[in-house]
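Enquirer: Sharing a structure with you now.
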Amino acid sequence: MDDAYDLLAAAAFGIEKVAARQIEQLGYEPKIIGSGKILFRGTMEDVAKTNLWLRTADRVLIRLGAFKADDFGLLFDGVRALPWEKFIPADGCFPVNGRSLKSQLSSVPACQKIVKKAIVERLLAEHGVSELPETGPRVTVEVALLEDEATLTIDTTGASLHKRGYRRLVGPAPLKETLAAALIDLSFWKPGRPLIDPFCGSGTIPIEAALVARNFAPGLTREFDFESWPLTSPEMISDLRADARKAKRKKLDQPLRGFDTDADVLRLARQHANTAGVSHDVIFEQRDFRDLRSDEEYGCIITNPPYGERIGERRELDQLYKTFPHVLRHLPTWSHYVLTAESQFERLIGQEADRRRKIYNGRIECQYYQFYGPRPPKELDMPASAELETSDVESPPQEPKPEPAAMPAFGGLTGKADKQAELFTNRLVKLQRHLRRWPKRGIHCYRLYERDIPEIPLVVDRYHDYLHLSEYERPHDRTTAQHAEWLDRMADVAADALEIPRENVYGKTRVVQRGDQQHQRQDDRRVTIDAEEGGLKFEVNLSDYVDTGLFLDHRVARGMVRDEAKGKRFLNLFCYTGAFSVYAADGGAASTTSVDLSPTYLAWADRNLRRNGFRGGEHRLLQGDVMQWLRAPVEETYDLAVIDVPTFSNSKRTETVWDVQQDYEEALELLISRMAPEGVIYFSTNFRRFKFDESLFDGLSIREISKRTVPEDFRNKRIHRCWRMIVRP
Numbered sequence: 001m002d003d004a005y006d007l008l009a010a011a012a013f014g015i016e017k018v019a020a021r022q023i024e025q026l027g028y029e030p031k032i033i034g035s036g037k038i039l040f041r042g043t044m045e046d047v048a049k050t051n052l053w054l055r056t057a058d059r060v061l062i063r064l065g066a067f068k069a070d071d072f073g074l075l076f077d078g079v080r081a082l083p084w085e086k087f088i089p090a091d092g093c094f095p096v097n098g099r100s101l102k103s104q105l106s107s108v109p110a111c112q113k114i115v116k117k118a119i120v121e122r123l124l125a126e127h128g129v130s131e132l133p134e135t136g137p138r139v140t141v142e143v144a145l146l147e148d149e150a151t152l153t154i155d156t157t158g159a160s161l162h163k164r165g166y167r168r169l170v171g172p173a174p175l176k177e178t179l180a181a182a183l184i185d186l187s188f189w190k191p192g193r194p195l196i197d198p199f200c201g202s203g204t205i206p207i208e209a210a211l212v213a214r215n216f217a218p219g220l221t222r223e224f225d226f227e228s229w230p231l232t233s234p235e236m237i238s239d240l241r242a243d244a245r246k247a248k249r250k251k252l253d254q255p256l257r258g259f260d261t262d263a264d265v266l267r268l269a270r271q272h273a274n275t276a277g278v279s280h281d282v283i284f285e286q287r288d289f290r291d292l293r294s295d296e297e298y299g300c301i302i303t304n305p306p307y308g309e310r311i312g313e314r315r316e317l318d319q320l321y322k323t324f325p326h327v328l329r330h331l332p333t334w335s336h337y338v339l340t341a342e343s344q345f346e347r348l349i350g351q352e353a354d355r356r357r358k359i360y361n362g363r364i365e366c367q368y369y370q371f372y373g374p375r376p377p378k379e380l381d382m383p384a385s386a387e388l389e390t391s392d393v394e395s396p397p398q399e400p401k402p403e404p405a406a407m408p409a410f411g412g413l414t415g416k417a418d419k420q421a422e423l424f425t426n427r428l429v430k431l432q433r434h435l436r437r438w439p440k441r442g443i444h445c446y447r448l449y450e451r452d453i454p455e456i457p458l459v460v461d462r463y464h465d466y467l468h469l470s471e472y473e474r475p476h477d478r479t480t481a482q483h484a485e486w487l488d489r490m491a492d493v494a495a496d497a498l499e500i501p502r503e504n505v506y507g508k509t510r511v512v513q514r515g516d517q518q519h520q521r522q523d524d525r526r527v528t529i530d531a532e533e534g535g536l537k538f539e540v541n542l543s544d545y546v547d548t549g550l551f552l553d554h555r556v557a558r559g560m561v562r563d564e565a566k567g568k569r570f571l572n573l574f575c576y577t578g579a580f581s582v583y584a585a586d587g588g589a590a591s592t593t594s595v596d597l598s599p600t601y602l603a604w605a606d607r608n609l610r611r612n613g614f615r616g617g618e619h620r621l622l623q624g625d626v627m628q629w630l631r632a633p634v635e636e637t638y639d640l641a642v643i644d645v646p647t648f649s650n651s652k653r654t655e656t657v658w659d660v661q662q663d664y665e666e667a668l669e670l671l672i673s674r675m676a677p678e679g680v681i682y683f684s685t686n687f688r689r690f691k692f693d694e695s696l697f698d699g700l701s702i703r704e705i706s707k708r709t710v711p712e713d714f715r716n717k718r719i720h721r722c723w724r725m726i727v728r729p
């Protein structure tokens, strides 16, 4: 009968219980004895078997002895007493590695030297030789000192078990095969279920899953140090490999998938899959994470996305993680598993994981975030790999299994959303019925709904047969993914209630501006339509910005400007997309001058003028800071002016900062100096807390006309404030 030894499986911190479970499945009785250490008993055949089949351990060691050693004499004697000759032949090569923690013998090189000397004396005596040439098989020895106890082990593995042999080339930030296998083992995935890694890199996770599904022994195609030892039977390892080859299963009916944006690493992934023998079992595609979709159900996302150690731009990384709930909610029956070192991951995605587990990826401390989807139909038991852990480190986990969720891991709505949908439908139908005659009056663009129902804080604007939905921030109990789904539901309701194609409904989130925040571009699809207002045409962008390019609340004010523009020299400051200038030109203005800092808006204004037939030198578009332009020497005067001021602006194109409450006085004083006698100024702001002091301005006749200029379709009668001013002669 073969001798049995104390065997140690070494594993990465955080996955000891995964390795222990696999050792138990191979028929042994494992015991976790510390971080990264699992003890079990076995013969040399068991050494071969575990090296061949363990997927998550890094190596298999023979523990030759452990003893107290708080001085070099005790260390030497303890090492000298161990049966080294049984494993190391007279010509064997036996390098000594060492570690020391919280021990009197803190010098690792000194400990290595003592251990080497003790082994040499033992081998010389036991083998009856006068020299040890170390030209034969390698037997690596390690001395580990922890709190003055020395443990002596022999490495049976050689190169770490993560080196399966299929990954000879690696891309940036590679994930070890053993860690990839652990991530799979800790998930709900099992053979037969779909699996996608949307950040697959060189393909390690889907390849490891394919090896599991086809029951490939992970060490089948590599060699181990123990094979060259004299006490190892060549027939034994040959038979074990033959058995492993017979145990392989046929290729998968349903291939696993790996996506990445990097074509170079995908080429590596395909090479690796081919070398591993699973090229027909894994499909790799170049695809952006934001485009992740699948028609398959009850699958698992298992992934190791980029994090701070690997890509530099903090903002870019945050934006990537913020897309997770929006992308993953489109896989409502799936479970999701994410390994990342990003400590703010849950905050960025807007919800907590069902479970998190600390795991080290090399030297990087990571968390493995687990989000459980619903149970597949007719499935009575989850895979053993999904078992929970306890704090007991003395045995493999035998705890209750986690229950899959009743709701999707990301997204999912309750019955409350159904009630809100009904309320929203009824309100929209009623409002549309009230405004049904407006198109016949030439009003095709108007506000239909404005936060009428407090729990549905949306604004719905209609542009012909298109809807533009804006959401205003308001506290709610939905996760980011659930809220995105809720917004989709409300958009569906609006389309159905108003009998508008769903593809003609566009939604935005209007974040409350705080401090120096400004609205950012939200998309780049450039979905534009020609919208008609007052017999004129305007380019409306439904997709890219919080605002569409046509402020509907100024519809009445634009009409006022047209009515008194005939023969006037018209000035439009902070002109935006030039709608007031178009109205003035249509009213017969002698000239129009439009000033704005943004070249994007000025180009937009130019298109609006041209689509209505207004071209030529009498319609000037000036790009620059409005205040700097006003401070410049007066070149000409104007008879009619509109200054619709922003609340706040700190554009990168200028060093100055605009604040309406602080700067409006100077702006108006400068504008007055450019006005002809009896010139008319329309001054407007949407700053709700704005305080206008008429006493600051001499030579002006001032009248607030806000009640006249806010259209009747606006429920918020303070959407803007507007004053009409006349410059006295």
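Using the UniProt record's numbering, you'd call the opening residue of the sequence shown number 1 and step up by one each time.
For glycine and all other residues, C-beta sits at the position ideal for the given N, C-alpha and C.
Predicted model only: the values in this text are computed from it and were never measured.
Cβ of Asp644 within 9 Å of Cβ of Tyr545?
Expert: No; because the gap between Cβ atoms is not below 9 Å, this pair is not in contact.
Enquirer: Can you give me the C-alpha to C-alpha distance between Gly126 and Asn215, rounded to a whole angstrom?
Expert: The sequence given here places Glu at residue 126; Gly does not occur at that position. If you take the alpha carbons of Glu126 and Asn215, they lie about 44 Å apart.
Enquirer: For my contact list, Asn608 and Glu669 are in at a C-beta cut-off of 8 Å; report their separation, rounded to the angstrom.
Expert: Between Glu669 and Asn608 the Cβ distance is about 30 Å, and since that is not below 8 Å, they are no contact.
Enquirer: Could you tell me how far apart the beta carbons of Ala557 and Cys722 are, in whole angstroms, since I believe they sit closer than 8 Å?
Expert: With a Cβ gap of about 6 Å, Ala557 and Cys722 count as contacting.
Enquirer: Where does Ser187 land, buried or exposed, given buried means 16+ other C-beta within 10 angstroms?
Expert: Buried: at least 16 other Cβ atoms inside 10 Å.
Enquirer: Are at least three pairs of beta-carbons, each pair with one atom in the region 71–82 and one in the region 233–243, less than 8 Å apart?
Expert: Cβ pair count under 8 Å is below three, so no.
Enquirer: Could you check what DSSP says for Gly277 in three-state terms: helix, strand or coil?
Expert: It is coil, neither helix nor strand.
Enquirer: If you run the structure through DSSP and keep just helix, strand and coil, what is Asn572?
Expert: Asn572: strand per DSSP, three-state reduction.
Enquirer: Just tell me which of Met560, Pro646, Asn612, Gly699 has its CA closest to the CA of Ser706.
Expert: It is Met560 whose Cα lies nearest to the Cα of Ser706.
Enquirer: If I measure Cβ to Cβ from Thr593 and keep anything under 6 Å in the same chain, skipping five residues before and after, which residues do I get?
Expert: Answer for Thr593: Leu571, Arg620, listed in chain order.
Enquirer: In three-state terms, what does DSSP make of Trp658?
Expert: Strand.
Enquirer: Please say whether Pro457 and Tyr472 have beta carbons closer to each other than 9 Å?
Expert: Result yes, Cβ atoms of Tyr472 and Pro457 sit closer than 9 Å.
Enquirer: Assuming Glu45 and Asp2 are in contact, meaning their beta carbons sit under 8 Å apart, how far apart are those beta carbons, in whole angstroms?
Expert: Contact flag correct, Cβ pair sits at about 6 Å.
Enquirer: Are Leu487 and Phe410 touching if we call contact CB-CB under 9 Å?
Expert: It is not a contact, given that the beta carbons lie outside the stated cut-off.
Enquirer: What three-state label does DSSP hand Ala632 in the structure shown?
Expert: Ala632: coil per DSSP, three-state reduction.
Enquirer: Less than 9 Å between CB atoms is the rule here; does Asn541 satisfy it with respect to chain C?
Expert: Structure shown: chain C not included; a single protein chain is present.
Enquirer: For my contact list, Gly219 and Leu61 are in at a C-beta cut-off of 8 Å; report their separation, rounded to the angstrom.
Expert: 15 Å between Cβ atoms; not a contact.
Enquirer: Which residues does DSSP list as the beta-bridge partners of Asn361?
Expert: The partner list for Asn361 (beta bridge, DSSP) reads Ile364.
Enquirer: Is the region 472–481 in contact with the region 435–446, if contact means three or more CB pairs nearer than 8 Å?
Expert: No, they do not touch.
Enquirer: How long is the line joining the alpha carbons of Ala11 and Gly36, rounded to whole angstroms?
Expert: Their backbone Cα atoms lie some 5 Å apart in a straight line.
Enquirer: Let me check one thing: in DSSP terms, what residues is Tyr723 bridge-paired to?
Expert: Here residue 723 is Trp; the residue named in the question, Tyr, does not match the sequence. Trp723 pairs with Phe683, Glu704.
Enquirer: Let's test the definition: count the other Cβ atoms within 10 Å of the Cβ of Ser100 and tell me whether it reaches 16, buried, or not, exposed.
Expert: Its Cβ being crowded by 16 or more others within 10 Å, Ser100 is buried.
Enquirer: Could you tell me the distance, in whole angstroms, from the CA atom of Glu636 to the CA atom of Arg674?
Expert: Near 7 Å, if we compare the C-alpha coordinates of Arg674 and Glu636.
Enquirer: Determine the direct distance from the alpha carbon of Ala159 to that of Gln254, and round the result to whole angstroms.
Expert: Cα-Cα distance, rounded: 33 Å.
Enquirer: Give the straight-line distance between the Cα atoms of Ile23 and Arg59, rounded to the nearest whole angstrom.
Expert: So the alpha carbons of these two residues sit roughly 12 Å apart.
Enquirer: Taking a contact to mean a Cβ-Cβ separation below 9 Å, would you say Phe94 touches Glu134 in this structure?
Expert: Result yes, Cβ atoms of Phe94 and Glu134 sit closer than 9 Å.
Enquirer: Buried or exposed: His554, going by 16 or more other Cβ atoms within 10 Å of its Cβ?
Expert: Under this definition His554 is a buried residue.
Enquirer: Alpha carbon to alpha carbon, how far is Val505 from Leu542?
Expert: Whole-angstrom Cα-Cα distance: 9 Å.
Enquirer: In chain order, what residues of the same chain have a beta carbon less than 7 Å from the beta carbon of Leu26, not counting five sequence neighbours either side?
Expert: Around Leu26: Lys49, Thr50, Trp53.
Enquirer: According to the neighbour-count rule (16 or more other Cβ atoms, all chains shown, within 10 Å of its Cβ), is Pro475 buried or exposed?
Expert: Pro475 comes out exposed.
Enquirer: In terms of residues, what are the limits of the beta strand (DSSP E) holding Arg168?
Expert: Counting along the chain, Arg168 falls outside any beta strand (DSSP E), and DSSP gives it neither H nor E.
Enquirer: Less than 9 Å between the C-beta atoms of Phe289 and Thr333, yes or no?
Expert: For Phe289 and Thr333, no; Cβs fall outside 9 Å.
Enquirer: Report back the beta-carbon spacing between Thr156 and Asn97 to the nearest angstrom; my notes put them in contact at under 8 Å.
Expert: Contact flag wrong, Cβ pair sits at about 14 Å.
Enquirer: According to DSSP, is Pro306 part of a helix, a strand, or is it coil?
Expert: In this structure, Pro306 counts as coil in the three-state DSSP scheme.
Enquirer: Taking the Cβ atom as the reference point for each residue, do Leu597 and Val626 lie within a distance shorter than 9 Å?
Expert: Contact: yes.
Enquirer: Using alpha carbons as the reference points, say which of Thr303, His434, Trp84 lies closest to Tyr369.
Expert: The candidate whose alpha carbon is nearest that of Tyr369 is Thr303.
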